[in-house]
Amino acid sequence: MANTDIPKTMWAQVLEQYESPYRLQELPMPTVDDPNDILIKVDAASYCHTDAVLASGKMHPPPLPHIGCHEFAGTVVSVSDRSHGLKVGDRVAVPGRGYHVCGKCLECQNPSGPVPDDPGYSVYCANTGGGLGVGDRAGGFREYAVVDSRQVAIIPDGMAAVEAAPLMCAGLTIYAALRKCELGPGRRVGIMGCGGGLGHLGLQFATKMGLRTTGVDVTPQALELARTLQTGATIVDASAESAEDVKRGMGKEDGGASLAEMGLDAVIILPDSQKAWDYGMGLLKDGGLLVLVSFPPEGFHVSADDLVFRRIRIIGSLIGSNKAMNEMFEFVVRNDVKARIRTYPFAKLNELVDDYHAGAGGKLVVDMSLKQ
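In UniProt numbering, the protein residues as written are 1 to 372.
Take a look at the structure:
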């Protein structure tokens, strides 16, 4: 079943060279070839740090030309017999991963994570590539997109597409990282990079989970955003306070007898910065957990002393499962979690990118309904 008003061509923002602006091009309409696929009209497309990394060509460079964006939302305009209950007119949110999973690899048969999907489907499938908007698969910076009906979530009533799109990577990634901490109410968690796209959502998630939350950042814009959220989290300017001083302040509140007993139970590292790593590691109590989300090309230096003598554990976290995505949406609605967004017309994607590199906080989102 399809909407009869689907055009023959569409407009897309195309990256033709690394470290260059996107160029608006008219392209043929994408075709639906897999029975699990649906065609959606893109309503909102959110910009992610990974888009900037890919556009630079410095890490996991996609083949060119490339259409980016792996966190977007839209309206279903065409479905097939295996569209898993979706119908024309449904509003859906689309994460990048989970597109055409093999269903047969070890991960698909035994999905992992704190909120695993059912056997036969995993967003961490080893054979699916990076997902939509990553690698050789076109993402959401276009008017229409083919997506896998198994990878999407229905947008809750009352939530705008521009609010849903940032949750598909930024929201789901930080939500999954917090779930991997496996902390109950009253425990301490830290978020390095708390005023960015993931971090400002993480402050809201963590405090609403009942966690005693410490957010850390360095830029004035990021710190201002984190503070204006008024989540109740402690916001720290890492350029003004040392990790040890912050840690001793926690110890004073908690009654810790020694520095080893003071600090965070878990810390999430979001920036691609060795300084952020070192500061976050310095905030952990002995036996604490470091959850790594960032992936700089040069990697991180890890102290063996932290692992051996302080018993610090390190795990990585990519994005949440589809079950976690639906759980996250329920949490967002129940607790009124909202991304701080700035919207742009589709034709002004390059202006959005410039603002991102200038340090704009929150999430920057293309709103397809805005006039050019």
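Cβ coordinates follow ideal geometry from the N, Cα and C atoms, glycine included. Quick caveat: nothing in here was measured; it's all calculated off a predicted structure.
Taking the alpha-carbon positions, what's the residue i to residue j distance?
i: S294; j: F300; result: 10 Å
i: G197; j: A160; result: 18 Å
i: G85; j: I154; result: 11 Å
i: Y121; j: L292; result: 24 Å
i: Q25; j: Y356; result: 23 Å
i: P95; j: E143; result: 16 Å
i: S56; j: E19; result: 5 Å
i: G199; j: L225; result: 10 Å
i: Y344; j: G195; result: 20 Å
i: V337; j: D157; result: 15 Å
i: C105; j: D51; result: 28 Å
i: F346; j: G171; result: 22 Å
i: F141; j: D237; result: 35 Å
i: V353; j: V14; result: 13 Å
i: L183; j: I312; result: 16 Å
Along the chain, where does the alpha helix (DSSP H) containing residue i start, and where does it finish?
i: S56; result: H49 to S56
i: residue 373; result: Absent from the structure is residue 373, since the part of the chain shown begins at 1 and ends at 372.
i: A304; result: A304 to V308
i: A360; result: Where A360 is concerned, there is no enclosing alpha helix (DSSP H), given that its DSSP letter is neither H nor E.
i: D245; result: A243 to D254
i: L201; result: G197 to K208
i: L106; result: L106 to Q109
Closer than 8 Å, CB to CB, is residue i near chain B or not?
i: D336; result: No chain B appears in the structure shown, which is made up of a single protein chain.
Let me know the secondary structure DSSP gives residue i once reduced to three states.
i: I40; result: strand
i: Y279; result: helix
i: D217; result: strand
i: M262; result: coil
i: H66; result: strand
i: L167; result: helix
i: M10; result: strand
i: R82; result: coil
Should residue i be counted as a contact of the ligand PLP given a C-beta to heavy atom distance under 7 Å?
i: T214; result: The model depicted lacks the ligand PLP and carries no ligand whatsoever.
Could you spell out the range, first to last residue, of the beta strand (DSSP E) harbouring residue i?
i: A170; result: Here A170 belongs to no beta strand (DSSP E); instead the alpha helix (DSSP H) covers A170 to C181.
i: L27; result: R23 to P28
i: S148; result: Rather than Ser, the amino acid found at residue 148 in this sequence is Asp. Looking at the DSSP string, the run of the beta strand (DSSP E) that includes D148 is Y144 to D148.
i: T75; result: E71 to S78
i: R342; result: I341 to Y344
i: K285; result: L284 to L292
Hey, would you say residue i sits closer than 8 Å to residue j, going by beta carbons?
i: L283; j: G190; result: yes
i: I6; j: S78; result: yes
i: L264; j: K285; result: yes
i: A176; j: G361; result: no
i: L289; j: A304; result: no
i: G103; j: V92; result: no
i: I314; j: K180; result: no
i: residue 392; j: N127; result: Because residue 392 is not part of the residues shown, which for the chain are 1 to 372, the question remains open.
i: G139; j: H70; result: yes
i: G202; j: I269; result: no
i: A165; j: V365; result: yes
i: I40; j: V162; result: no
i: G251; j: E261; result: yes
i: N322; j: V76; result: no
i: G98; j: R23; result: no
i: G280; j: M168; result: no
Counting Cβ pairs closer than 8 Å, one from the region 39-53 and one from the region 109-119, do we hit at least three? no
Given 8 Å, three or more beta-carbon pairs between the region 193-210 and the region 225-233: Three or more Cβ pairs drawn from the region 193-210 and the region 225-233 lie within less than 8 Å of each other, which places the two stretches in contact.
Looking at C-beta atoms only, is the number of pairs between the region 266-279 and the region 26-35 that lie closer than 8 Å three or more? no
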